[in-house]
Amino acid sequence: MLDRRRIQLSDWQGQSYVLRSMTGQQAIVSNVTEVWAALEKEFGGGFDPLDEANFPDRSAVS
Amino acid sequence: MTYRPPVPITLLTGFLGAGKTTWLSRALRDETADRVAVLVNEFGAVGIDHLLVGTIAPDTVLLNSGCVCCQIRGELKDAILTLIAQARSGEIPQFDRIVIETTGLADPSQILSTLTFDPVLHNQVVLQDVVTVADALNGASLHAKQPEWVAQVAAASTILLSKTDLVPQTRLQDLGLRLALINPAAQLLDARENPTFADIAGGGSIDPGASWAAGSAHRDGTGAATLGLTFQTSLDWTRFVVWLSALIHRHGANLLRVKCLLKTDTGFVLIDGVGHTLHHPRHLDSAIASDQSSHLVFIARDLDMARLRASFEAFLNVKTV
Chain A
3 MLDRRRIQLS
13 DWQGQSYVLR
23 SMTGQQAIVS
33 NVTEVWAALE
43 KEFGGGFDPL
53 DEANFPDRSA
63 VS
Chain B
52 MTYRPPVPIT
62 LLTGFLGAGK
72 TTWLSRALRD
82 ETADRVAVLV
92 NEFGAVGIDH
102 LLVGTIAPDT
112 VLLNSGCVCC
122 QIRGELKDAI
132 LTLIAQARSG
142 EIPQFDRIVI
152 ETTGLADPSQ
162 ILSTLTFDPV
172 LHNQVVLQDV
182 VTVADALNGA
192 SLHAKQPEWV
202 AQVAAASTIL
212 LSKTDLVPQT
222 RLQDLGLRLA
232 LINPAAQLLD
242 ARENPTFADI
252 AGGGSIDPGA
262 SWAAGSAHRD
272 GTGAATLGLT
282 FQTSLDWTRF
292 VVWLSALIHR
302 HGANLLRVKC
312 LLKTDTGFVL
322 IDGVGHTLHH
332 PRHLDSAIAS
342 DQSSHLVFIA
352 RDLDMARLRA
362 SFEAFLNVKT
372 V
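Top line first, the protein sequences correspond to chains A and B.
Numbering-wise (this note's numbering), the first sequence opens with residue 3 and increments by one.
Numbering-wise (this note's numbering), the second sequence opens with residue 52 and increments by one.
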């Protein structure tokens with residue numbers, strides 16, 4: 003879901019997650035529901051799953 | 052330390068004058084009723100309902116004037132914890148259940164959020180039922196224009212239809228249809244038949260055979276719309292949680308209700324959410340009756356349901372029917 007924003011979400015020591023942008027900007031969140039708030043706060047702009055522009059390519063989804 | 056199971060809570064809601072106190076008074080009198088502690092919240096300087104209920108349930112506590120969903124949520128928490136502490140110390144009789152009667156203007160999602168996510172309450176109580184009393188006489192005409200009424204109906208696990216003797220059968224059928232469009236997952240009972248606490252238990256289960264489940268989207272005229280999705284394949288649980296969390300974060304204010312029976316690789320999981328509040332997922336016994344399909348119900352206001360369905364299919368890579 004974050005591919006189009008070029009932001010990666012990775013697991014951090016099995017306890018939390020790290021959001022990283024291509025420019026090295028990062029934010030640590032403790033659970034998946036905090037990802038979206040962190041995205042708005044730290045990286046600017048949110049993520050609307052109902053916006054067709056954010057829909058993944060079917061071929062890209064396993 | 053002795054483990055004490057959380058006390059089940061029944062949230063009783065319904066618009067002003069719908070008949071909440073009338074039903075509660077009858078249910079408390081029923082001989083099969085558990086030992087019940089009652090919290091009454093009234094909007095207005097002088098509380099009356101607690102006097103009516105208090106004669107039956109001596110542990111009735113009247114919360115101070117103000118709406119429990121927005122003004123006195125801290126007081127609700129304190130009242131619950133005080134009741135539990137008093138019962139444990141023997142100051143008041145033991146009880147098996149707490150009923151919270153809200154004001155007619157309360158938005159249940161805010162109360163559910165307090166009950167579910169407060170770090171102290173979370174371990175002490177568990178929300179078991181949301182009972183919404185809907186007035187058959189005024190429900191579809193007057194109350195339906197109020198956003199609180201729609202939110203109350205959407206949050207219900209059981210809808211009690213009151214004053215059914217005052218309206219003709221055809222109008223009752225229309226209202227029943229309308230309520231089902233707002234909240235197809237709730238069980239509908241006639242308050243005249245004096246349903247007990249046992250009758251309301253387990254309300255709101257998803258019925259795979261219900262007609263709404265098959266890719267249907269309905270709009271009821273109050274601005275609330277319902278979308279039902281069904282599919283056979285197992286769902287990627289992680290992907291679903293990420294998608295749902297994004298949806299709730301962005302559109303939680305418009306999402307009145309989410310109820311999902313999901314088929315995953317590890318079995319069936321039940322998800323229940325109201326507004327921004329998502330209850331902890333429950334893994335269901337494999338013996339539970341099911342048609343081996345996943346069923347999802349979304350009830351929302353001012354949300355494009357076709358787009359919601361397209362988003363679900365795109366991100367979860369499933370085709371719904």
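Quick reminder that beta carbons are idealized off the backbone N, C-alpha and C, glycines included.
Give me the chain B residues within the contact set of residue i, using Cβ-Cβ distance strictly less than 7 angstroms, ordered along the chain.
{"i": "GLY48/A", "result": "ARG301"}
Can a CB atom of chain B be found closer than 8 angstroms to the CB of residue i?
{"i": "VAL31/A", "result": "no"}
{"i": "SER18/A", "result": "no"}
{"i": "TRP38/A", "result": "yes"}
{"i": "PHE57/A", "result": "yes"}
{"i": "ARG7/A", "result": "no"}
How would you list, in chain order, the residues of chain B whose beta-carbon sits under 8 angstroms from the beta-carbon of residue i?
{"i": "VAL34/A", "result": "VAL292, VAL293, SER296"}
{"i": "MET3/A", "result": "VAL293, TRP294, ALA297, PHE366"}
Report the neighbours of residue i on chain A: residues whose CB is nearer than 9 angstroms to its CB, in chain order.
{"i": "ASP355/B", "result": "LEU52"}
Using the beta-carbon of each residue, which ones in chain A are nearer than 8 angstroms to residue i?
{"i": "ARG358/B", "result": "LEU52, GLU54"}
Please confirm if residue i has its CB atom under 8 angstroms from at least one CB of chain A.
{"i": "PHE282/B", "result": "no"}
{"i": "VAL369/B", "result": "no"}
{"i": "SER362/B", "result": "yes"}
{"i": "ALA264/B", "result": "Note that ALA264/B scores a pLDDT of 42, beneath 50, so its modelled location is shaky; the value from the coordinates is reported in the next line. Chain A, which has no Cβ nearer than 8 angstroms to the Cβ of ALA264/B, makes this no."}
{"i": "ARG352/B", "result": "no"}
{"i": "VAL372/B", "result": "no"}
May I ask you to list the residues that DSSP assigns as paired with residue i?
{"i": "LYS314/B", "result": "PHE319/B"}
{"i": "TYR54/B", "result": "Note: TYR54/B sits in no beta bridge, so no partner."}
{"i": "PRO88/B", "result": "Note that residue 88/B is Ala in the sequence shown, not Pro. According to DSSP, ALA88/B bridges with ILE149/B."}
{"i": "ALA351/B", "result": "ALA276/B, LEU306/B"}
{"i": "SER373/B", "result": "Chain B is shown from 52 up to 372; residue 373/B falls before or after that span and cannot be answered."}
{"i": "ILE9/A", "result": "SER23/A"}
{"i": "TRP288/B", "result": "Answer is none; TRP288/B lacks a bridge partner."}
{"i": "ARG222/B", "result": "DSSP lists no partner for ARG222/B."}
{"i": "PRO59/B", "result": "VAL177/B"}
{"i": "GLY16/A", "result": "The partner list for GLY16/A (beta bridge, DSSP) is empty, contrary to what the question assumes."}
{"i": "GLN238/B", "result": "THR209/B"}
{"i": "THR328/B", "result": "VAL325/B"}
{"i": "HIS300/B", "result": "BP columns for HIS300/B are empty, so no partner."}
{"i": "ALA29/A", "result": "LEU21/A"}
{"i": "ASP410/B", "result": "One cannot answer for residue 410/B here, as it falls past the ends of chain B, which runs 52 to 372."}
{"i": "ARG243/B", "result": "Answer by DSSP bridge pairing: none, since ARG243/B is not bridged."}
Tell whether a beta-carbon distance below 8 angstroms holds between residue i and residue j.
{"i": "LEU52/A", "j": "ARG358/B", "result": "yes"}
{"i": "THR215/B", "j": "ASP250/B", "result": "no"}
{"i": "PRO144/B", "j": "ARG86/B", "result": "yes"}
{"i": "LEU67/B", "j": "THR153/B", "result": "no"}
{"i": "LYS310/B", "j": "ASP323/B", "result": "yes"}
{"i": "LEU212/B", "j": "ALA231/B", "result": "no"}
{"i": "PHE349/B", "j": "LEU295/B", "result": "no"}
{"i": "ARG352/B", "j": "LEU278/B", "result": "no"}
{"i": "PRO59/B", "j": "ARG139/B", "result": "no"}
{"i": "LEU344/B", "j": "THR281/B", "result": "Per the sequence presented here, residue 344/B reads as Ser, with Leu not at that position. Against a cut-off of 8 angstroms, the Cβ pair of THR281/B and SER344/B comes out as a contact."}
{"i": "GLY303/B", "j": "HIS331/B", "result": "no"}
{"i": "VAL320/B", "j": "HIS300/B", "result": "no"}
{"i": "LYS128/B", "j": "THR73/B", "result": "no"}
{"i": "PRO57/B", "j": "ASN189/B", "result": "no"}
{"i": "PHE366/B", "j": "ARG308/B", "result": "no"}
{"i": "ARG8/A", "j": "SER23/A", "result": "yes"}
{"i": "VAL293/B", "j": "VAL34/A", "result": "yes"}
{"i": "HIS346/B", "j": "LEU298/B", "result": "no"}
{"i": "GLN238/B", "j": "THR209/B", "result": "yes"}
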